[in-house]
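Novice:
There are 2 protein chains.
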Amino acid sequence: MRKATYGAAVSLDGFLAGPDEALDWLLWSDDAKRISAESWRGVDTILMGRKTYEFAAKSGGGGGGSSKLTTYIFSRKMTEAPDGAELVGEDAAAFVRGLKQQPGGDIIVMGGGELGAALIDGGVVDEIGLNVHPILLGGGVPMFPPMARRAELRLIEARPIERGCVFLRYAAGSS
Amino acid sequence: MRKATYGAAVSLDGFLAGPDEALDWLLWSDDAKRISAESWRGVDTILMGRKTYEFAAKSGGGGGGSSKLTTYIFSRKMTEAPDGAELVGEDAAAFVRGLKQQPGGDIIVMGGGELGAALIDGGVVDEIGLNVHPILLGGGVPMFPPMARRAELRLIEARPIERGCVFLRYAAGSS
């Protein structure tokens with residue numbers, strides 16, 4: 003089955019972005035580059051929430067754009083899909099459960115936190131990856147917003163990488 | 003100078019305790035025992051907030067008790083110090099700054115989060131230790147409540163330990 007991974011760079015206090023969406027604390031390195039390349043291998047589908055899409059579009063990143071990737075934007079507010087992306091208004095976990103039954107490559111859930119938490123709650127996330135940065139931001143956009151229930155995980159990998167970061171990788175479900 | 007360490011076992015989403023103060027997810031092991039013993043070496047002073055004290059007392063742990071340790075309870079509400087502990091009503095960071103100037107052993111800040119965050123904000127915490135457990139609790143008592151400003155850290159150590167936990171240790175201040 004297609005693997006769905008929720009991965010992000012986070013501060014030690016668990017924020018994807020600081021107050022005012024600050025991302026100036028992110029540390030790039032050869033290690034981070036390798037981990038990023040590895041996490042995109044075999045991926046043909048990107049999932050993101052509306053806020054993440056708007057943030058990415060504003061930052062010049064944009065969702066979609068690559069013809070090899072299918073991008074789904076999850077929103078109950080948007081009425082029209084942006085160029086190069088498909089709009090999903092239905093329940094996110096149910097949609098992803100269906101998507102995983104279809105043939106295709108692996109799936110990446112882009113930060114935003116709300117979508118990630120909804121998909122973890124819905125039991126459709128297979129792996130969680132974190133590049134933990136050596137900083138406390140004090141506030142911002144959490145990688146893990148409140149969830150309705152616990153989720154047990156199984157540690158796959160934990161290792162220090164360049165610039166004081168730590169890469170953690172977990173599989174959903176206990177061992 | 004006396005070293006002040008803020009250390010705790012946390013879920014991957016950063017909670018010291020789950021909803022309803024649940025601690026049933028904590029995983030004990032020989033590795034955790036060694037790390038705990040190591041972190042108490044040279045310590046003669048414990049700091050905790052009122053809520054943590056009350057939780058510990060309720061759980062039968064209690065603050066103080068050992069004649070070798072001095073326990074300070076930080077509270078503006080309490081009027082009388084519990085047996086075996088001293089009550090601090092003044093600004094926590096200012097108090098700890100003074101404490102560190104006095105002769106004595108190392109200092110441990112017990113969880114509760116609010117006290118830890120106040121002391122990190124005040125720049126008086128030297129080390130932060132986390133035993134990251136392989137679970138998302140979804141809510142509860144955060145190790146790092148909102149803070150007024152960023153705190154850069156320097157990674158000292160990151161290693162997987164038994165039962166899928168990861169031990170992370172940081173020094174305050176960037177490298």
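Quick mapping for you: the protein sequence lines, in order, are chains E and F.
In short: position in the first sequence from 1, add 2, done, that's this note's numbering.
In short: position in the second sequence from 1, add 2, done, that's this note's numbering.
Glycine residues also receive a C-beta, built at the ideal position from the N, C-alpha and C atoms.
Closer than 6 Å: is that where the CB of E:Glu40 sits relative to any heavy atom of the ligand NAD?
Specialist: Absence of the ligand NAD is noted for the structure shown, with no ligands found whatsoever.
Novice: Ordered along the chain, which non-local residues of its own chain (more than five positions away) have a Cβ less than 8 Å from that of F:Ala95?
Specialist: These residues qualify, in order along the chain: Ala120, Leu121, Asp123, Gly124, Gly125 and Val126.
Novice: Please report the straight-line C-alpha distance between F:Gln103 and F:Lys5, rounded to a whole angstrom.
Specialist: Each residue's alpha carbon lies about 11 Å from the other.
Novice: Mind listing the chain E neighbours of F:Tyr172? Cutoff is C-beta to C-beta under 8 Å, in chain order.
Specialist: The contacting residues are Leu14 and Pro136.
Novice: Compare the beta carbon distance of E:Gly51 and E:Glu116 with 7 Å and say whether it is the shorter of the two.
Specialist: The answer is yes: Cβ separation under 7 Å.
Novice: For a test of the three-state rule: what should DSSP assign to E:Thr54, helix, strand or coil?
Specialist: Correct three-state label for E:Thr54: helix.
Novice: Under a CB-based cut-off of 7 Å, is E:Pro162 close to chain F?
Specialist: Chain F, which has a Cβ nearer than 7 Å to the Cβ of E:Pro162, makes this yes.
Novice: For a contact defined as C-beta to C-beta under 9 Å, what are the partners of E:Glu154 on chain F?
Specialist: Chain F residues near E:Glu154: Trp27, Pro136, Ile137 and Leu138.
Novice: Taking 7 Å as the CB-CB cut-off, is E:Val111 touching chain F?
Specialist: No, E:Val111 lies away from the interface with chain F (no Cβ there is under 7 Å from its Cβ).
Novice: Name, going along the chain, the residues of the stretch 121-132 of chain E whose beta-carbon falls closer than 9 Å to a beta-carbon of chain F.
Specialist: Of all residues in the stretch 121-132 of chain E, Ile122, Asp123, Ile130 and Leu132 have a Cβ within less than 9 Å of some Cβ in chain F.
Novice: Is there a Cβ from chain E that is less than 7 Å from the Cβ of F:Leu157?
Specialist: Cβ-Cβ to chain E under 7 Å: yes for F:Leu157.
Novice: Where does F:Arg171 fall in DSSP's three states?
Specialist: F:Arg171 falls in the strand class under three-state DSSP.
Novice: How would you list, in chain order, the residues of chain E whose beta-carbon sits under 8 Å from the beta-carbon of F:Gly91?
Specialist: By Cβ distance, chain E contributes nothing, its closest Cβ being about 25 Å from F:Gly91, past 8 Å.
Novice: Terminal residues of the continuous alpha helix (DSSP H) containing E:Ser38?
Specialist: Asp32 to Trp42 is the span of the alpha helix (DSSP H), which, as asked, contains E:Ser38.
Novice: Following the continuous beta strand (DSSP E) through E:Leu155, name the residue where it begins and the one where it ends.
Specialist: First-last of the beta strand (DSSP E) with E:Leu155: Ala153 to Pro162.
Novice: Nearest to F:Ile48 by alpha carbon, out of F:Thr72, F:Arg78 and F:Val90?
Specialist: It is F:Thr72.
Novice: Going along chain E in order, which residues have a C-beta closer than 8 Å to the C-beta of F:Val168?
Specialist: Result: Leu157, Ala160, Val168 and Leu170.
Novice: Any idea what DSSP makes of F:Gly131, helix, strand or coil?
Specialist: Looking at F:Gly131 - three-state DSSP - the assignment turns out to be strand.
Novice: Would you mind stating whether E:Gly2 and E:Met145 have Cβ atoms separated by less than 7 Å?
Specialist: With chain E running from 3 to 177 in the structure shown, residue 2 of chain E is simply not present.
Novice: Quick one: list the residues of chain E neighbouring F:Arg36, beta-carbon separation under 7 Å, in chain order.
Specialist: The premise fails here: F:Arg36 is roughly 17 Å from chain E at the closest Cβ pair, so nothing lies under 7 Å.
Novice: Helix, strand or coil for F:Gly64, going by three-state DSSP, please let me know.
Specialist: With a pLDDT of 48 at F:Gly64, under the threshold of 50, the modelled position of this residue cannot be trusted, and the question is left open.
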